[in-house]
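S.K.: Here the protein sequences line up with chains A and W, keeping their order.
All residue numbers in the first sequence are consecutive under our numbering, ending with 267.
All residue numbers in the second sequence are consecutive under our numbering, ending with 1254.
Virtual Cβ for every residue (Gly too), placed ideally from N, Cα, C.
Remember, predicted model here, so these are calculated numbers, not experimental data.
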Amino acid sequence: MSTARSKLSIQAVSKRFQASGGEVHALDEVSLEVKDGEFVCLVGPSGCGKSTLLNLIAGLDRADQGQILADDQVITGPGPDRLVMFQESALFPWLDVMDNVLFGLKRKQCMPKKELRDLAMHYLRLVGLERFAHASVHELSGGMKQRVALARALAPKPRVLLMDEPFAALDAMTREQLYGDLQRIWEECKKTIVFVTHNVREAVCLGDRVVLFSPHPGRIREQFEIHLPRSRDINDVHLAEHAALITQALKSHAQAGARTVDGKEVA
Amino acid sequence: MKRTLNIVLFFLALLVAWELCVRARVWPKVLLPSPLKVGEYLGAAAADGTLLSASWVTLKRLLLGYVAGIALGVPLGLLCARFKYAQDTLGTMALGLQTLPSVCWAPLALLWFGQTEWAVFFITFMGSLWSIALAVEGGVRNVPPIYARAARTMGSRGLHTWIFVALPAALPFVVSGMKQGWAFAWRSLMAAEIYVTILTGFGLGHLLHYGRELNAMEQVIAIMLLIVGIGLLVDRLLFLPWERFMHRRWGLSG
C-alpha cells in the first residue's frame, strides 16, 4: 500500500456544509500524502477548504466521504497525537503560562508532577519563554502567546502538529522572528507539520511542500516542492521568486474558478 | 491617600448640606431630623444591642436564602447551558420569574407559610435563584468555543472539559451572577421583612417598618444607612477578593 510510509494519508475526502446561501462544497475528493517529518503548507483563498481539511485531520469534524489515516489508523476523533495551534492562541486565561503547557501534558503523560513540570519547562525554554512560566496570559504579547501555544502543542509529543494560520494576527516583525524559531524547532523536534495559510511567501518560507487549493468546490490544484536551503529567510530573493511563481498559479486557478462560478450564476 | 481624603470630604460636605437643610427648616423637623439625631439613635440602638441583634437576624436569613439560591441556581444555570430543552423550558421560566419583583412573592408566601421564617426564606430564595441561574447560563454560553476545541484536541472529554475548562472559563460571569444574586437576595429580604411581620426574629426590615409606624424618622433614616453600609461591606468582603483575583489573572477591569 502506498500509505505504508505516510504519516498522514488523506484518501478521497469530501465535506459539505449547510450555509445560509445553500450548500457549500468545502472539500471535493481531496487526497494527500504527508511523509514523516515533512512540513506541508496548505495554501489557497478563503473558502477553499484548507482549514476544513485541518479540522478533519484534527478530528474536530467528520468527513462526509473518504477517510484519513494517521500512522495507518483511521482518525475517528480528536486526540493528543494530533495537536492544533489556532489563529487565536486559545490559551486558557484562568491558568498561568506553566499550567497552560501542563494542561495537554497531564492528559497524555502519567508521571510525577516534578517531571511533568520539568518537561513543560523544557518546551518553554525551546520557545524562549522560560522566564514567563508564571506570567498570566493577558500579560503576554500576541507573539508570546503563540509561542506558549506552540510549547503547549509540542509538549505532549504529538505525532503531527496542525497549525491553522497561527501567525496571521501578528505584526510583521514578530512573524519573521517566529518563522526562524519554528524552522529551528521543527528541525530539532523532527515533527510532521501541516500548516494552513493564505500567505504564499509564508508557505514557501516554511514548507518542504506547498499544496495549492482552489475553492467551489475545494480541491487540490497543484503541488510545489520547495528545495531552498534551511533556515530560510522570508526576505530572500530566491524565496520571493518561488512565491511569485506560486502566486501566479494561485491567481490563474482563482480566475478559472471565478469563470465557472459565473457560468453557473452562483455568485 | 489623597483619594481617600477626597472621598471623606465629599461625604462630610453631604452631611453639612443635610444639617444646613435642617437648620434652614426646608422640611419640618419630624420629616427630616438632623444628622446628629440620627447619630444619637444609632449610638443608643448600638449600645442596647438592638442593631446588632437585628443585623444578625437579617444576615442569618440572607445567608440562608442566598446559599440556597446558589445551591440550586448554579446547577440550574449549567443545566440550561448544556441542554437545549432545559434552556427552552427552565430557562424561559427563569427569565420570566426573574422579571417578577420579589415583593410579589410576599402574598403567596404569607398564604403558604403563614407568618413564619419559612415565608421570609422563600421570598429571599425566590428573589436570588433566577438571576443566579440566568447569569451562570449566560456565562457558560459566552465561553469562546475555541477553548473547548483546544481542550478536545488535547484529549479532554466530557466531565473533565466541564470542570477544567467550561467552569473556570465562565468564572467571571459566574461571579458577576453571584453578585447580582446577592443584590437581589438583599432586596428581597428587605421586602420580606417589611411585609411579613413575624415574631421569631426582629430584623432590620422590621426596625424600618416600626420606625414608620412610630413616626420615628431618625430610626428610619438610621436603619436605611445601616442597610446601605452592610451592602457595601459585603460587597467588599465577599466579592472584591474574587474580582481582584480575576483582574490579576484575566486582566479584566473589575
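Please report the distance separating the alpha-carbon of residue 130 (chain A) from that of residue 1148 (chain W).
M.R.: Within the first sequence, residue 130 (chain A) is the residue found at index 130, counting from 1. Within the second sequence, residue 1148 (chain W) is the residue found at index 148, counting from 1. C-alpha separation (whole angstroms): 26 Å.
S.K.: For residue 147 (chain A) versus residue 127 (chain A), is the C-beta distance shorter than 8 Å?
M.R.: For the purposes of this step, residue 147 (chain A) is identified with residue 147 of the first sequence, where counting begins at 1. For the purposes of this step, residue 127 (chain A) is identified with residue 127 of the first sequence, where counting begins at 1. Yes, the Cβ-Cβ distance between residue 147 (chain A) and residue 127 (chain A) is below 8 Å.
S.K.: Using C-beta distances below 7 Å, list every residue in its chain close to residue 116 (chain A), excluding the 5 sequence neighbours before and after it, in chain order.
M.R.: Taking the first sequence and counting its residues from 1, the one referred to as residue 116 (chain A) is at position 116. Excluding positions up to five away in sequence, the list reads 102, 105, 106 and 109.
S.K.: Are the beta-carbon atoms belonging to residue 1181 (chain W) and residue 1070 (chain W) less than 8 Å from one another?
M.R.: Here residue 1181 (chain W) is taken as the residue at index 181 of the second sequence, counted from 1. Here residue 1070 (chain W) is taken as the residue at index 70 of the second sequence, counted from 1. Going by C-beta atoms, residue 1181 (chain W) is nearer than 8 Å to residue 1070 (chain W).
S.K.: Please list the partners that residue 1071 (chain W) has in chain A, where partner means a Cβ-to-Cβ separation under 7 Å.
M.R.: Position 71 of the second sequence holds residue 1071 (chain W). Chain A residues near residue 1071 (chain W): none, gap ~23 Å exceeds 7 Å.
S.K.: How many Å lie between residue 38 (chain A) and residue 213 (chain A) at the Cα?
M.R.: Within the first sequence, residue 38 (chain A) is the residue found at index 38, counting from 1. Within the first sequence, residue 213 (chain A) is the residue found at index 213, counting from 1. Rounded to the nearest angstrom, the two C-alpha atoms are 18 Å apart.
S.K.: Please decide whether residue 117 (chain A) counts as near chain W, where near means a Cβ-Cβ distance under 8 Å.
M.R.: By 1-based counting over the first sequence, the position of residue 117 (chain A) is 117. Output row for residue 117 (chain A): interface = no.
S.K.: Can you tell which of W:1227, W:1212 and W:1249 has the C-alpha that lies nearest to the C-alpha of residue 1031 (chain W)?
M.R.: Against the second sequence, residue 1031 (chain W) aligns to sequence position 31. When only C-alpha atoms are compared, the closest one is W:1212.
S.K.: Mind listing the chain W neighbours of residue 217 (chain A)? Cutoff is C-beta to C-beta under 7 Å, in chain order.
M.R.: The count along the first sequence starts at 1 and reaches residue 217 (chain A) at position 217. None at all; the shortest Cβ gap to chain W is about 25 Å.
S.K.: With three or more C-beta pairs closer than 8 Å as the rule, is the stretch 1148-1159 of chain W touching the stretch 1079-1091 of chain W?
M.R.: These segments do not touch.
S.K.: For the 8 Å Cβ check, are there 3 or more pairs between the stretch 1169-1183 of chain W and the stretch 1031-1048 of chain W?
M.R.: They do not touch, by the three-pair rule.
S.K.: Can you list the residues of chain W that residue 108 (chain A) reaches, using a CB-CB cut of under 7 Å?
M.R.: Taking the first residue of the first sequence as position 1, residue 108 (chain A) is located at position 108. Within chain W, the residues near residue 108 (chain A) are 1155.
S.K.: Would you kindly check if the distance between the Cβ of residue 63 (chain A) and the Cβ of residue 78 (chain A) is under 8 Å?
M.R.: Against the first sequence, residue 78 (chain A) aligns to sequence position 78. Against the first sequence, residue 63 (chain A) aligns to sequence position 63. No. Outside cutoff.
S.K.: Pick from A:54, A:211 and A:49: whose alpha carbon is nearest that of residue 218 (chain A)?
M.R.: Working through the first sequence from its first residue, we reach residue 218 (chain A) at position 218. Of the listed residues, the one whose Cα sits closest to residue 218 (chain A) is A:49.
S.K.: Please name the residue in W:1074, W:1119 and W:1084 whose C-alpha comes closest to that of residue 1197 (chain W).
M.R.: Here residue 1197 (chain W) is taken as the residue at index 197 of the second sequence, counted from 1. Here the closest residue by C-alpha is W:1119.
S.K.: For residue 136 (chain A), decide whether its Cβ has a neighbour in chain W, counting only Cβ atoms nearer than 8 Å.
M.R.: Along the first sequence, one-based indexing puts residue 136 (chain A) at 136. With 8 Å as the cut-off, residue 136 (chain A) counts as an interface residue toward chain W.
S.K.: Tell me where the beta strand (DSSP E) around residue 269 (chain A) begins and ends.
M.R.: The first residue shown for chain A is 1 and the last is 267, placing residue 269 (chain A) beyond what the model contains.
S.K.: Would you kindly check if the distance between the Cβ of residue 1192 (chain W) and the Cβ of residue 1124 (chain W) is under 8 Å?
M.R.: Position 124 of the second sequence, counted from the first residue, corresponds to residue 1124 (chain W). Position 192 of the second sequence, counted from the first residue, corresponds to residue 1192 (chain W). Closer than 8 Å, so yes.
S.K.: To the nearest angstrom, how far is the alpha carbon of residue 226 (chain A) from that of residue 155 (chain A)?
M.R.: The residue given as residue 226 (chain A) occupies position 226 in the first sequence. The residue given as residue 155 (chain A) occupies position 155 in the first sequence. Looking at the two C-alpha atoms, the distance is approximately 28 Å.
S.K.: Can you pull the chain A neighbours of residue 1005 (chain W), defined as C-beta to C-beta under 7 Å?
M.R.: The residue you call residue 1005 (chain W) lines up with position 5 of the second sequence. Near residue 1005 (chain W) there are no residues of chain A at all, since even the closest Cβ is about 32 Å away, more than 7 Å.
S.K.: At the level of alpha carbons, what is the spacing between residue 125 (chain A) and residue 1243 (chain W)?
M.R.: Here residue 125 (chain A) corresponds to residue number 125 of the first sequence, with the count starting at 1. Here residue 1243 (chain W) corresponds to residue number 243 of the second sequence, with the count starting at 1. Roughly 32 Å separates the two Cα atoms.
S.K.: With a threshold of 16 other CB atoms inside 10 Å of the CB of residue 1248 (chain W), please say whether the residue is buried or exposed.
M.R.: By one-based count along the second sequence, residue 1248 (chain W) stands at place 248. Its Cβ having fewer than 16 others within 10 Å, residue 1248 (chain W) is exposed.
S.K.: Give me the chain W residues within the contact set of residue 79 (chain A), using Cβ-Cβ distance strictly less than 7 Å, ordered along the chain.
M.R.: In the first sequence, counting from the first residue as 1, residue 79 (chain A) sits at position 79. Ordered by position in chain W, the residues that pass the 7 Å Cβ test against residue 79 (chain A) are 1155.
S.K.: For residue 83 (chain A), would you say it is in contact with chain W, using Cβ-to-Cβ distances shorter than 8 Å as the test?
M.R.: Position 83 of the first sequence, counted from the start, is the residue given in the question as residue 83 (chain A). At least one chain W Cβ lies under 8 Å of residue 83 (chain A).
S.K.: From which residue to which residue does the alpha helix (DSSP H) around residue 1246 (chain W) run?
M.R.: Along the second sequence, read from residue 1 onward, the residue named residue 1246 (chain W) stands at position 246. Here the alpha helix (DSSP H) through residue 1246 (chain W) covers 1240-1250.
S.K.: In the DSSP output, which residue or residues are listed as bridge partners for residue 1212 (chain W)?
M.R.: For this step, residue 1212 (chain W) is matched to residue 212 along the second sequence. According to DSSP, which records beta bridges pairwise, residue 1212 (chain W) is partnered with nothing at all.
S.K.: Return the first residue and the last residue of the beta strand (DSSP E) that residue 25 (chain A) is part of.
M.R.: By 1-based counting over the first sequence, the position of residue 25 (chain A) is 25. Segment 22-35, the beta strand (DSSP E) holding residue 25 (chain A).
S.K.: Can you pull the chain W residues whose beta carbon is under 7 Å from the beta carbon of residue 70 (chain A), in chain order?
M.R.: Numbered from its first residue, the first sequence carries residue 70 (chain A) at position 70. The contacting residues do not exist; residue 70 (chain A) stays about 13 Å from chain W at best.
S.K.: With H, G and I counted as helix, E and B as strand and the rest as coil, what does DSSP make of residue 1223 (chain W)?
M.R.: Walking along the second sequence from the start, residue 1223 (chain W) turns up at place 223. Looking at residue 1223 (chain W) - three-state DSSP - the assignment turns out to be helix.
S.K.: Would you say residue 186 (chain A) lies against chain W (beta-carbon separation less than 8 Å)?
M.R.: For this step, residue 186 (chain A) is matched to residue 186 along the first sequence. Chain W contact via Cβ: absent.
S.K.: Got a sec? Which residues, its chain only, sit under 8 Å from residue 240 (chain A) by beta carbon, not counting five neighbours each side?
M.R.: Counting from one through the first sequence, the residue named residue 240 (chain A) turns up at place 240. 201, listed in sequence order.
S.K.: With burial defined as no fewer than 16 other Cβ atoms inside 10 Å of the residue's Cβ, what is the status of residue 1098 (chain W): buried or exposed?
M.R.: Residue mapping note: residue 1098 (chain W) aligns to position 98 of the second sequence, counting from 1. So residue 1098 (chain W) ends up on the buried side.
S.K.: Please report the distance separating the alpha-carbon of residue 195 (chain A) from that of residue 1144 (chain W).
M.R.: Your numbering for residue 195 (chain A) matches position 195 in the first sequence. Your numbering for residue 1144 (chain W) matches position 144 in the second sequence. Those two C-alpha atoms are separated by around 23 Å.
S.K.: What residues from chain W crowd round residue 88 (chain A), counting only those whose CB sits closer than 9 Å?
M.R.: Sequence index remark: in the first sequence, residue 88 (chain A) carries index 88 (1-based). Chain W residues near residue 88 (chain A): 1144 and 1146.
S.K.: For residue 1219 (chain W), count neighbouring C-beta atoms within 10 Å of its own C-beta (all shown protein chains included) and say buried if the count is 16 or more, exposed if not.
M.R.: What you label residue 1219 (chain W) is simply residue 219 of the second sequence in a count that begins at 1. Buried, by the Cβ-count rule.
S.K.: Considering only the alpha carbon of each residue, which of A:252, A:135 and A:230 lies closest to residue 180 (chain A)?
M.R.: As a position in the first sequence, residue 180 (chain A) is number 180, starting the count at 1. Of the candidates A:252, A:135 and A:230, the one whose C-alpha sits nearest the C-alpha of residue 180 (chain A) is A:230.
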